[in-house]
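Colleague:
This is the structure we're talking about:
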């Protein structure tokens, strides 16, 4: 097994998540996974999926929670703040600039059509990323069962997310405890 890369320094955390924030405007989770798992190898695919699962259970944005958790894992509070600041710096500046531009030109049909096209592309990106993140579950039958049951409960039966999420988290925990995957 190849040696794991050294822990990222605070500047590397900032720059890594700054690049994620710049490249993945509107959908940074695929870029974060690519940077963390494939490029920097700070986490394995399974570790990323497990950390993301925890972060999805917490209130707030998944990518923000993931960034904070990853930074804290490596450097405590300073790492969490540094990684989060890196993630948010470029989008913050971009949103301010785009807001100014949209305020001036938002009534133009070309601008409105552009935003409709961006929404379709973002939907495809979310779907592709969901499939990539779920890939480590292929070897975990209980994980597949929980994912399918959760999808059915929310997407098919239209049950509300707040009660489904804790119930499925409890079921998942019991299955892992019982079958020791």
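Residue numbers (this note's numbering): 1 to 181. From the three backbone atoms N, C-alpha and C, an ideal C-beta is built for every residue, glycine too.
1) Count the other C-beta atoms from every protein chain shown that fall within 10 angstroms of the C-beta of residue 144, then say buried if there are 16 or more, exposed otherwise.
2) Nearest CA to the CA of residue 129: which residue from 24, 115, 13, 6?
3) For residue 1, count neighbouring Cβ atoms within 10 angstroms of its own Cβ and tell me buried if that reaches 16, exposed if not.
4) Under the rule that 16 or more other beta-carbon atoms within 10 Å means buried, what is residue 120, buried or exposed?
5) How is residue 177 classed by DSSP in three states: helix, strand or coil?
6) Could you give the DSSP three-state label for residue 169: helix, strand or coil?
7) In whole angstroms, what is the alpha-carbon distance linking residue 51 and residue 113?
8) Just the C-alpha distance for residue 62 and residue 56, rounded to the nearest angstrom, thanks.
9) Give the range of the alpha helix (DSSP H) segment to which residue 104 is assigned.
10) Do you know whose CA, among 175, 99, 40, lies nearest residue 19's CA?
11) Exposed or buried, which one is residue 37 when buried takes at least 16 other CB atoms within 10 Å?
12) State buried or exposed for residue 43, treating a residue as buried only when at least 16 other CB atoms are found within 10 Å of its CB.
Modeller: Considering the structure as presented:
1) In summary, residue 144 is exposed, with fewer than 16 beta-carbon neighbours lying within 10 Å of its beta-carbon over all protein chains present.
2) Nearest C-alpha to residue 129: 24.
3) Because the pLDDT of residue 1 is 49, which lies under 50, any placement of that residue in the model is unreliable, and the number read from its coordinates should be weighed accordingly. With fewer than 16 Cβ atoms within 10 Å of its Cβ, residue 1 is classed as exposed.
4) Exposed: under 16 other Cβ atoms inside 10 Å.
5) Of the three classes helix, strand and coil, the one that applies to residue 177 here is helix, per DSSP.
6) Helix at residue 169.
7) Their Cα atoms are separated by approximately 37 Å.
8) Rounded to the nearest angstrom, the gap between the Cα atoms of residue 62 and residue 56 is 5 Å.
9) First-last of the alpha helix (DSSP H) with residue 104: 62-105.
10) The option with the nearest alpha carbon to residue 19 is 40.
11) So residue 37 ends up on the buried side.
12) Residue 43 comes out buried.
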